[in-house]
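> Below is a structure I'd like to ask you about.
There are 2 protein chains.
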Amino acid sequence: MSPPDHALPNRLSVPTDGERVWRNHMIMAKLGATPKGGVCRLALTPLDIEAHCLLARWAEARGFTYDLDAVGNMFIRRAGSEPDLPPISSGSHTDTQITGGRFDGIFGVLAAFEALEAIDDAGIVTRHPLEAVVWNNEEGSRFYPGCMGSAAYAGVLGLDRVLDTTDRDGIPLRREVAALRAALPGAGTRALGAPIGALIEAHIEQGPILEAEGKTIGIVTGMQGNRRFQVEVLGEEAHAGGSQRRYRKDALVDAVAMVTALHGVFHDPEDIIRFTIGRFEVSPGGLAVVPGRVFFTIDFRHPEQSTLDRLGDQVEGLCRAAAKSCAVQVTEISRSAPVAFTGAVPDGIARAAAAHGYAYREIYSGAGHDCRYFADHCPTGMIFIPCERGISHNEAENASPGDIAAATQVLADVMLELAQRR
Amino acid sequence: MSPPDHALPNRLSVPTDGERVWRNHMIMAKLGATPKGGVCRLALTPLDIEAHCLLARWAEARGFTYDLDAVGNMFIRRAGSEPDLPPISSGSHTDTQITGGRFDGIFGVLAAFEALEAIDDAGIVTRHPLEAVVWNNEEGSRFYPGCMGSAAYAGVLGLDRVLDTTDRDGIPLRREVAALRAALPGAGTRALGAPIGALIEAHIEQGPILEAEGKTIGIVTGMQGNRRFQVEVLGEEAHAGGSQRRYRKDALVDAVAMVTALHGVFHDPEDIIRFTIGRFEVSPGGLAVVPGRVFFTIDFRHPEQSTLDRLGDQVEGLCRAAAKSCAVQVTEISRSAPVAFTGAVPDGIARAAAAHGYAYREIYSGAGHDCRYFADHCPTGMIFIPCERGISHNEAENASPGDIAAATQVLADVMLELAQRR
Numbered sequence: 212m213s214p215p216d217h218a219l220p221n222r223l224s225v226p227t228d229g230e231r232v233w234r235n236h237m238i239m240a241k242l243g244a245t246p247k248g249g250v251c252r253l254a255l256t257p258l259d260i261e262a263h264c265l266l267a268r269w270a271e272a273r274g275f276t277y278d279l280d281a282v283g284n285m286f287i288r289r290a291g292s293e294p295d296l297p298p299i300s301s302g303s304h305t306d307t308q309i310t311g312g313r314f315d316g317i318f319g320v321l322a323a324f325e326a327l328e329a330i331d332d333a334g335i336v337t338r339h340p341l342e343a344v345v346w347n348n349e350e351g352s353r354f355y356p357g358c359m360g361s362a363a364y365a366g367v368l369g370l371d372r373v374l375d376t377t378d379r380d381g382i383p384l385r386r387e388v389a390a391l392r393a394a395l396p397g398a399g400t401r402a403l404g405a406p407i408g409a410l411i412e413a414h415i416e417q418g419p420i421l422e423a424e425g426k427t428i429g430i431v432t433g434m435q436g437n438r439r440f441q442v443e444v445l446g447e448e449a450h451a452g453g454s455q456r457r458y459r460k461d462a463l464v465d466a467v468a469m470v471t472a473l474h475g476v477f478h479d480p481e482d483i484i485r486f487t488i489g490r491f492e493v494s495p496g497g498l499a500v501v502p503g504r505v506f507f508t509i510d511f512r513h514p515e516q517s518t519l520d521r522l523g524d525q526v527e528g529l530c531r532a533a534a535k536s537c538a539v540q541v542t543e544i545s546r547s548a549p550v551a552f553t554g555a556v557p558d559g560i561a562r563a564a565a566a567h568g569y570a571y572r573e574i575y576s577g578a579g580h581d582c583r584y585f586a587d588h589c590p591t592g593m594i595f596i597p598c599e600r601g602i603s604h605n606e607a608e609n610a611s612p613g614d615i616a617a618a619t620q621v622l623a624d625v626m627l628e629l630a631q632r633r
Numbered sequence: 212m213s214p215p216d217h218a219l220p221n222r223l224s225v226p227t228d229g230e231r232v233w234r235n236h237m238i239m240a241k242l243g244a245t246p247k248g249g250v251c252r253l254a255l256t257p258l259d260i261e262a263h264c265l266l267a268r269w270a271e272a273r274g275f276t277y278d279l280d281a282v283g284n285m286f287i288r289r290a291g292s293e294p295d296l297p298p299i300s301s302g303s304h305t306d307t308q309i310t311g312g313r314f315d316g317i318f319g320v321l322a323a324f325e326a327l328e329a330i331d332d333a334g335i336v337t338r339h340p341l342e343a344v345v346w347n348n349e350e351g352s353r354f355y356p357g358c359m360g361s362a363a364y365a366g367v368l369g370l371d372r373v374l375d376t377t378d379r380d381g382i383p384l385r386r387e388v389a390a391l392r393a394a395l396p397g398a399g400t401r402a403l404g405a406p407i408g409a410l411i412e413a414h415i416e417q418g419p420i421l422e423a424e425g426k427t428i429g430i431v432t433g434m435q436g437n438r439r440f441q442v443e444v445l446g447e448e449a450h451a452g453g454s455q456r457r458y459r460k461d462a463l464v465d466a467v468a469m470v471t472a473l474h475g476v477f478h479d480p481e482d483i484i485r486f487t488i489g490r491f492e493v494s495p496g497g498l499a500v501v502p503g504r505v506f507f508t509i510d511f512r513h514p515e516q517s518t519l520d521r522l523g524d525q526v527e528g529l530c531r532a533a534a535k536s537c538a539v540q541v542t543e544i545s546r547s548a549p550v551a552f553t554g555a556v557p558d559g560i561a562r563a564a565a566a567h568g569y570a571y572r573e574i575y576s577g578a579g580h581d582c583r584y585f586a587d588h589c590p591t592g593m594i595f596i597p598c599e600r601g602i603s604h605n606e607a608e609n610a611s612p613g614d615i616a617a618a619t620q621v622l623a624d625v626m627l628e629l630a631q632r633r
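Quick mapping for you: the protein sequence lines, in order, are chains A and B.
Okay, so the first sequence: first residue is 212 according to my numbering, each after it adds one.
Okay, so the second sequence: first residue is 212 according to my numbering, each after it adds one.
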């Protein structure tokens, strides 16, 4: 991204409809609405399939086609004049966390759909096809790991491994993908890994920086790498009244010591380290029973591979040292390298934001997103907008209609420009 | 209990059948048997009702009658020659913890039933009626609090409050008591609080002392008092990748600090304090979500009221001081005073154990038991036997056929002696 380019006006632009894209958000937010104002719409549950069906109906009303691939990713397409060119694609996900909000994921899908509608309204036939994409199971809160659909599409995860993944009730993803296809009889078939010409993902920041600095648009320069672990602490159940402290093997006591030791190491004065223990399950959970087992997860993220290596390698040792009376098993369950976004997409976002007079800045993504897997394959990038108080993965998550409209406008401009490129 | 008495032979004794009482344990252990060799038979579930029905069939085969009271306690009766005298009663409970063992509770029921059978086999008509009692919901693992049936019988808990108690699925105890009665059409009705002449409860120690000292019989001299609390920690859910540490309100981080602070205070060199955090629930439990809420329970027991007062009163302050970014609410949910057992029952146990040559010692009960509520109303006491490695509330809980036979013999002798007293 070269500074002089930013100042140039964007040569191609069609007006997007900020009211329409906001209205679509409010309609979608009803699918899985929670009493606290959030959304619970776990991947490929009936509610999430309903969200896919709603998008399909909107697509049909426009004359757009839509395809599904073997892992349940959905691609809504507006044809271009040169059918052999790869699509210029944009999208995110419809699934949410258990206590999710109204914008995480769905904003990227609806902004992309609005870009297709706006370009369609303007009557422009682009060279490349345009696509709004719904990646399956981004959150990973029903099927582990997250970003599963995009990872499978990009060849990072094998097809059978993905389809055999089960949720906590033992239901395999394979069954839910079949249910999605059955619910969308009008869907065509997309080959897993078919080329994509460029990929742009619009998303809420999920952090406080843009709001704090009064910026409307974040041009994402990269994404943290991460390492994830699970820790199992095995002690011995005992009677709360009868068993003496000196003989106890209290799994909670040892697990609490591990959490304390880990938090003592995983922080830095710059506050760049992201370290979260999100699942922490104590068994059997009886009021009068000394806990015999604790299971917890560790999510550790950092922009630098060297820090991921140095600190991540200490997890097992810290847990073992903190275990006083229990056995402990530490397993690393996934790792991803940091990603950098450069070139046509971030450059185009900067030009479009500047052309419309939106305040913007470069920003690093703390969260992982589906487009991470495409940075090595095609021009890739992300547009962030502020989210209120930085709160996300929370029912109180909020974003403003104005910021959503602005980012949608930027997205449509970037897609149009890339779709006309020779 | 005066030492000279111990040496006197017991004047009344009938032989109990150790093989029969062991066989009955193994039959009962099948109702709710777990793959790890334990038992899961929560109060008034179909499995627990089946246990009551099995006892009813055994009673009918003997010509014993059985009654139910309004809260689901069951009283199996062998009539005496003087129907106006109150029964000499013994029993415990059939329900278990979620990860329960084969002996906790059911041993006291089956030992009492064997005492009735042995006295019946001997053809002795006692003056007082004899009873084997099944107190409802001792464990409190389905309906909170535990010892609910005995507390209601003794008037410590009100009838409506008990019957309106619901389990985690919202099912009220009232409905399950009705189901028990429907399953036992042959049951008579016992008035709640009807006088009891004496109450003896046989139980596994649930601690390591008898085993370590090679004693067969523990003469229980008293029971710890307890105070129970629940603590709710309210933070704010946030994205694991986006949210900075300095802005987080991580409920797990604060709850872990509370657990550490509490454990720093609740211990003593004599290892008499019993302090257990058994339930510890972290929400929402997503791998990539900073926990917004933690709920945990505290079970604190001690033989001395002054220590219960002094330390228990520190719980709230310790939790508040440890909360760095979250709100905390501490609620005391129950308290019981320490109990002492003296007089006819412990004296009788000592005489019977001495007469049969069983090694015995006085012992304090760490756990709470149903008979605690009767110590002020009638001669009351408990017989303990060793349990392997002191392990209880655990599927690995174990006791020996020899110890069970010995304690059953002692129990039968004590019941017979009390039932013939003028």
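We treat Cβ as the ideally placed atom computed from N, Cα and C, and that holds for glycine.
Could you name the residues that DSSP lists as bridge partners for residue 576 of chain B?
Answer is B/434.
> Check whether the Cβ atoms of residue 604 of chain B and residue 618 of chain A lie closer than 8 Å to each other.
No, Cβ-Cβ distance for residue 604 of chain B and residue 618 of chain A is not below 8 Å.
> Give, in chain order, every unbroken run of the beta strand (DSSP E) that is at least 3 residues long and sits entirely within the segment 243-315 of chain B.
Runs of the beta strand (DSSP E) inside the segment 243-315 of chain B: 276-279, 285-289 and 299-303.
> Only counting runs of 4 or more residues, tell me where the alpha helix (DSSP H) segments fall wholly within the segment 520-605 of chain B, in order along the chain.
DSSP runs (the alpha helix (DSSP H)) wholly in the segment 520-605 of chain B: 526-533 and 555-567.
> Please list the residues of the segment 445-463 of chain A that have a C-beta atom closer than 9 Å to any C-beta atom in chain B, keeping them in chain order.
For the segment 445-463 of chain A, which is checked against every Cβ of chain B, the residues closer than 9 Å are 447, 448, 449, 450, 451, 452, 453, 454, 455, 456, 457, 458, 459, 461 and 463.
> Kindly list the residues whose CB is nearer than 6 Å to the CB of residue 230 of chain A, restricted to its own chain and excluding five residues on each side of it in sequence; keep chain order.
Nothing listed; no residue qualifies.
> What residues in its chain sit with their C-beta under 6 Å from that of residue 550 of chain B, if we drop five residues either side in the sequence?
If we look at residue 550 of chain B and ignore the five residues flanking it on each side, its Cβ neighbours are 433, 434, 583 and 586.
> For chain A, find out if any of its Cβ atoms is closer than 8 Å to the Cβ of residue 417 of chain B; answer yes or no.
Yes, contact with chain A.
> For residue 627 of chain B and residue 321 of chain B, what's the separation of their Cα atoms in angstroms?
Going from the Cα of residue 627 of chain B to the Cα of residue 321 of chain B covers about 16 Å.
> Quick test of the definition: if touching needs 3 or more C-beta pairs under 8 Å, does the segment 507-519 of chain B touch the segment 545-564 of chain B?
Cβ pair count under 8 Å is three or more, so yes.
> What three-state label does DSSP hand residue 367 of chain B in the structure shown?
In the structure shown, residue 367 of chain B sits in coil (DSSP, three-state: anything other than H, G, I, E or B).
> I want to verify the contact list: residues of chain B whose CB lies under 8 Å from the CB of residue 439 of chain A, in sequence order.
Result: 498.
> Expressed to the nearest angstrom, what Euclidean distance is found between the alpha-carbon atoms of residue 220 of chain A and residue 559 of chain A?
Its pLDDT being 45, under 50, residue 220 of chain A is placed unreliably by the model, and the measurement read from it follows with that caveat. Their backbone Cα atoms lie some 10 Å apart in a straight line.
> With DSSP as the reference, label residue 338 of chain A as helix, strand or coil.
Residue state, collapsed to three classes: coil.
> Go ahead and label residue 328 of chain B buried or exposed: buried means 16 or more other beta carbons lie within 10 angstroms of its beta carbon, across all protein chains shown.
By the 10 Å Cβ count, residue 328 of chain B comes out buried.
> Whose Cβ in chain A lies nearer than 9 Å to the Cβ of residue 525 of chain B?
Going along chain A, no residue has its Cβ under 9 Å from residue 525 of chain B, so there is no contact; the nearest lies around 17 Å.
> Given this structure, state the Cα-to-Cα distance separating residue 610 of chain B from residue 553 of chain B, to the nearest angstrom.
Cα-Cα distance, rounded: 26 Å.
> Alpha carbon to alpha carbon, what distance is there between residue 556 of chain B and residue 460 of chain A?
Distance between the alpha carbons of residue 460 of chain A and residue 556 of chain B: 35 Å.
> Alpha carbon to alpha carbon, how far is residue 213 of chain A from residue 561 of chain A?
Caution applies to residue 213 of chain A, whose pLDDT of 39 falls short of 50 and renders its modelled position unreliable; the model cannot decide the point.
> Beta carbon of residue 567 of chain B, beta carbon of residue 621 of chain B: below 8 Å?
Yes. Within cutoff.
> Below 7 Å on C-beta distance, what does residue 567 of chain A contact in chain B?
Chain B residues near residue 567 of chain A: none, gap ~25 Å exceeds 7 Å.
> Using a Cβ-based criterion (distance less than 7 Å to any ligand heavy atom), does residue 428 of chain B qualify as near the ligand PLP?
This structure lacks the ligand PLP; in fact it carries no ligand of any kind.
> Give me the DSSP bridge partner(s) of residue 447 of chain B.
According to DSSP, residue 447 of chain B bridges with B/460.
> Taking only runs that begin and end inside the segment 343-404 of chain A, name each unbroken alpha helix (DSSP H) of 4 or more residues, in chain order.
Correct list: 359-364, 370-375 and 384-394.
> Go ahead and pull the three-state DSSP assignment for residue 501 of chain B.
In the structure shown, residue 501 of chain B sits in a strand (DSSP, three-state: E or B).
> Beta carbons nearer than 7 Å to chain A: which residues of the segment 580-606 of chain B have them?
Within the segment 580-606 of chain B, the qualifying residues are 601, 602, 603, 604 and 605.
> Which residues in chain A sit within 9 Å of residue 351 of chain B, going by Cβ to Cβ distance?
What residue 351 of chain B touches in chain A: 497, 498 and 499.
> Tell me, please, which residues DSSP counts as bridged to residue 513 of chain A.
For residue 513 of chain A, which the question treats as bridged, DSSP gives the partners A/436.
> Which residues in chain B have a C-beta closer than 8 Å to the C-beta of residue 294 of chain A? List them in chain order.
Under the 8 Å cutoff, chain B gives no residues; its nearest Cβ is about 38 Å from residue 294 of chain A.
> Enumerate in chain order the residues of its own chain whose CB-to-CB distance from residue 353 of chain A is below 6 Å, with the five nearest sequence positions on each side excluded.
If we look at residue 353 of chain A and ignore the five residues flanking it on each side, its Cβ neighbours are 253, 254 and 378.
> Tell me where the alpha helix (DSSP H) around residue 420 of chain B begins and ends.
Per DSSP, residue 420 of chain B belongs to the alpha helix (DSSP H) from 420-424.
> Whole angstroms is fine: what's the gap from residue 505 of chain A's alpha carbon to residue 522 of chain A's?
Cα to Cα, residue 505 of chain A sits roughly 23 Å from residue 522 of chain A.
> Do the segment 486-501 of chain B and the segment 485-497 of chain A meet, that is, are 3 or more Cβ pairs less than 8 Å apart?
In short, these stretches touch, since the Cβ pair count reaches three.
> If the criterion is Cβ atoms closer than 8 Å, does the pair residue 615 of chain A and residue 595 of chain A meet it?
Not in contact: residue 615 of chain A and residue 595 of chain A (Cβ atoms no closer than 8 Å).
> With DSSP as the reference, identify every bridge partner of residue 413 of chain A, one or two as the case may be.
DSSP output for residue 413 of chain A lists A/594 as bridge partner(s).
> Any beta-carbon of chain A closer than 8 Å to the one on residue 240 of chain B?
Not an interface residue.
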